[in-house]
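Number of protein chains: 2
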Amino acid sequence: MQSAAAKLEFVPNALARGLITGRSGFAALVVPDIADPFFGRFAFSLEQALRPEGLALVVCHTSEQRSEEERLARLLEERQMDGLICVSEAPGSGRPSPFETSRIPSVFVERRRVKGAGDEVILDKRSVSDAIRHLIDLGHRRIGIVPGHLQTFGGRELYLAFRAALKKHRLKLDSDHVVPGDFKFETSRAAADTLLRRRSPPTAVFVGSDRMAQGFFYGLHELGVRVPEELSVVAFATDLLESLVAAPVTACRSISGQIATEAAHTLLARLRDPDAPPRSVLIPNAFVPGRSTAALRLSRRPGKLTAALRPTF
Amino acid sequence: MQSAAAKLEFVPNALARGLITGRSGFAALVVPDIADPFFGRFAFSLEQALRPEGLALVVCHTSEQRSEEERLARLLEERQMDGLICVSEAPGSGRPSPFETSRIPSVFVERRRVKGAGDEVILDKRSVSDAIRHLIDLGHRRIGIVPGHLQTFGGRELYLAFRAALKKHRLKLDSDHVVPGDFKFETSRAAADTLLRRRSPPTAVFVGSDRMAQGFFYGLHELGVRVPEELSVVAFATDLLESLVAAPVTACRSISGQIATEAAHTLLARLRDPDAPPRSVLIPNAFVPGRSTAALRLSRRPGKLTAALRPTF
DNA sequence: GCCTAGCCTGCAAACGTTTTCACGCGGGGG
DNA sequence: CCCCCGCGTGAAAACGTTTGCAGGCTAGGC
């Protein structure tokens, strides 16, 4: 025998409630590609942090396209999203993002906003200097970088931090040793080839993100270049990286979950107090030596290009 | 000078529209863990297929917990989801899923439903027999399996297909060579250790999914076991696997995007015609030889357990 | 015992759409 | 010549909830 209420199985209509309360109970996550493991992890942590507050997560892709951003900005307004977290940047557009002017409270991650326009979460890049120091101590002088898209906040900041660190340690940056590309697996895979075919290839390389490091290692693998014997690699990455490449990587690390959690808290604080001054959160990042860097042996021929005959698992 | 309409910047309220039309424009994806690259890829393809139909994707986690399923089933009804796609199964619960009884149209992926209750998308397992044949041709007789959770549709079906294939080829299944576990990276990583410490370890192993294969390879790596020289590995996986482990793996393959696309089409068909007879879609799967299997050399000591001193990238 | 304050209950308005219906007009067919 | 139909416009009802308000009841204080 059921109670009357249970029998009726009354389920309140959240749409009707949202119409009256002005809160839909949805938050949007805007990413270039949810198939990228980093964004997957990000979405996971975000959902965990938002759920206790009664917010469900809507996942949207931009494919890094300006037009998609515009479509989304409108869609998300129509859908009455309570807030949005944007971890995507269409490269090169000088105009401010459509999300910037949206009336939806937003948090931008690794993407600088118009000054004072709203909240942002940024990865600290200061540890890059420690990484360079580490490489120099190991004897490296020709250090390359695969920073990602330079028309993008993350890529540009990393490149600038890298350049400043080299300068600080009185090293010259060879423009042949910079291969920007974007943040995709395939591009970084190709960058390995590009970099090692230079007339004077680097003996150490700095790579910009988890996914890029994964692609870069894949590329090295195909080329038969052994790490760290033939090439030292430092990644600007998160704790996620270790589950993508089967080894402890020397890296400037942030904690993947922390980035999303911080973004969630920033958004929730904004929803609680819409008029609070904009907040800029700096995510800690520390240099952690791993096994992908080693002392330079002068005798070795860096980046010997023999095709890998046998894949390693 | 702007037009009056543009000036007003009229944005229709999708909540109000949903209230009246009875369609919210949201579809839910229920997964155990969006951080798993396979589910990330799945979500990506799903969103691509659903977007043109005006459906936005809400991502939900169950963490494979029955209680979470119940919470979600209620939440998704409140939120007036137009449909849901469930790729998650809480293991071992005899009772039908809470999504089964929900009034929301649903598609179950790799999870059998109560007969005739609704739509499902299932991975074909027939090619497992081809994989076994391949291993036998290479001289293997001691073949192990890491199928995933046996209280789960996917894991159990794979195990049964595997057992049937062995029987068909007149091989005996050693219960020491079966390590179920679940679908997680860590568990499969540990399974490698378990399997190779058996008194009489297998010379070839069948692994149940992308993520499990990744963990299994990671585990082998740590143990210093070379593939395929010391151990042949076949994965039941998708095209995604190649971006997770840096080499062509011998596998029974489905196309990752196809699974999600098929699920999306099934859901859309259901929404168009709620009274159509339930549909059961079988996703094609083909055995594709790669480089993770090799002929058995009788002289070799399978699974020599020397700790890997040098990680391979 | 009476008055007032506080609480509970139930009713009505409002949220922003869609959809239906009525109304007026004009044209075409009977 | 009259009627009917179609078209376009505008008004009104409905969707299911929240919330505010009014009214009635109870309890406490004077």
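Residue numbers (the numbering used here), protein chains in the order written: chain A, 1 to 313; chain B, 314 to 626.
Every residue gets a Cβ at the ideal spot worked out from N, C-alpha and C, and that includes glycine.
- Using a CB distance below 8 Å, the part of the segment 65 to 94 of chain A facing chain B consists of Arg74, Leu75, Glu77, Glu78, Arg79 and Gln80, ordered along the chain.
- Closer than 9 Å to the CB of Leu557 of chain B there is at least one CB belonging to chain A.
- Contact annotation for Ala204 of chain A against chain B: no contact, minimum CB-CB distance about 14 Å [criterion: below 8 Å].
- Each residue's CA atom was taken as its position, placing His462 of chain B and Leu135 of chain A some 45 Å apart.
- Gly83 of chain A sits in a strand when the DSSP states are folded into three classes.
- Straight-line measurement puts the Cα of His482 of chain B at about 7 Å from the Cα of Arg446 of chain B.
- Per DSSP, reduced to three states, the secondary structure at Val518 of chain B is strand.
- Nearest Cα to Ser522 of chain B within the set B:Val558, B:Arg539, B:Ser337 and B:Pro460: B:Pro460.
- His61 of chain A is bridged by DSSP to A:Val31.
- Proximity of Glu262 of chain A to chain B, defined by a Cβ-Cβ separation below 9 Å, is not satisfied.
- Bounds of the alpha helix (DSSP H) holding Ile132 of chain A are Val128 to Asp137.
- At a beta-carbon threshold of 7 Å, none of the residues of chain A lie near Glu413 of chain B; the nearest stands roughly 15 Å away.
- Scanning its chain for C-beta atoms nearer than 7 Å, with the 5 sequence neighbours on each side dropped, one finds around Leu268 of chain A the residues Glu53, in chain order.
- Rounded to the nearest angstrom, the Cβ distance from Ala564 of chain B to Val547 of chain B is 6 Å, consistent with a contact under 8 Å.
- In the structure shown, Ile456 of chain B falls within a strand segment according to DSSP collapsed to helix, strand and coil.
- For Arg66 of chain A, the three-state secondary structure derived from DSSP is helix.
- C-alpha of Thr500 of chain B to C-alpha of Val128 of chain A: approximately 34 Å in a straight line.
- Relative to Leu55 of chain A, the option among A:Asp33, A:Met81, A:Ala276 and A:Glu64 whose CA is nearest is A:Met81.
- For Gly18 of chain A, the chain B residues whose Cβ falls inside 7 Å of its Cβ are Leu328, in order along the chain.
- Contact annotation: Leu473 of chain B and Ile456 of chain B have beta-carbon atoms that are not nearer than 9 Å.
- Cβ atoms of Ser545 of chain B and Glu433 of chain B stay farther apart than 8 Å, at about 33 Å.
- Sequence-distant Cβ neighbours of Pro91 of chain A in its own chain, meaning closer than 6 Å and more than five residues away, are His149, Gln151 and Thr152.
- For Arg170 of chain A, there is no enclosing beta strand (DSSP E), as DSSP marks it with neither H nor E.
- In terms of CA proximity to His578 of chain B, B:Arg364 leads the group B:Met525, B:Arg364 and B:Ala348.
- For Leu370 of chain B, the C-beta contacts it makes with chain A under 7 Å involve Val58 and Val59, in order along the chain.
- Residue-level contact by beta carbon holds for Asp346 of chain B and chain A, with a gap shorter than 9 Å.
- In this structure, A:Phe108 is the residue among A:Pro228, A:Arg71, A:Asp273 and A:Phe108 with its C-alpha nearest to the C-alpha of Glu262 of chain A.
- Rounded to the nearest whole angstrom, the CA to CA distance from Ser88 of chain A to Phe44 of chain A is 17 Å.
- Counted as a single uninterrupted DSSP element, the alpha helix (DSSP H) harbouring Glu100 of chain A occupies residues Pro98 to Thr101.
- Contact annotation for Arg354 of chain B against chain A: Ala35 [CB-CB distance below 7 Å, chain order].
- By the C-beta criterion, the segment 327 to 343 of chain B is judged not to be in contact with the segment 30 to 37 of chain A, since fewer than 3 inter-stretch pairs fall below 8 Å.
- Per DSSP, the continuous beta strand (DSSP E) segment holding Arg253 of chain A begins and ends at Ala251 to Ser254.
- Bounds of any alpha helix (DSSP H) do not take in Leu123 of chain A; it lies within the beta strand (DSSP E) bounded by Asp119 to Leu123.
- The beta carbon of Ala444 of chain B is closer than 6 Å to those of Val547, Cys565 and Phe600 in its chain, skipping five residues each way along the sequence.
- Residue-level contact check: Val11 of chain A touches chain B, since one or more beta carbons of chain B fall below 9 Å from its beta carbon.
- For Glu47 of chain A, the chain B residues whose C-beta falls within less than 8 Å of its own C-beta are Ile347, Val372, Cys373 and His374, listed in chain order.
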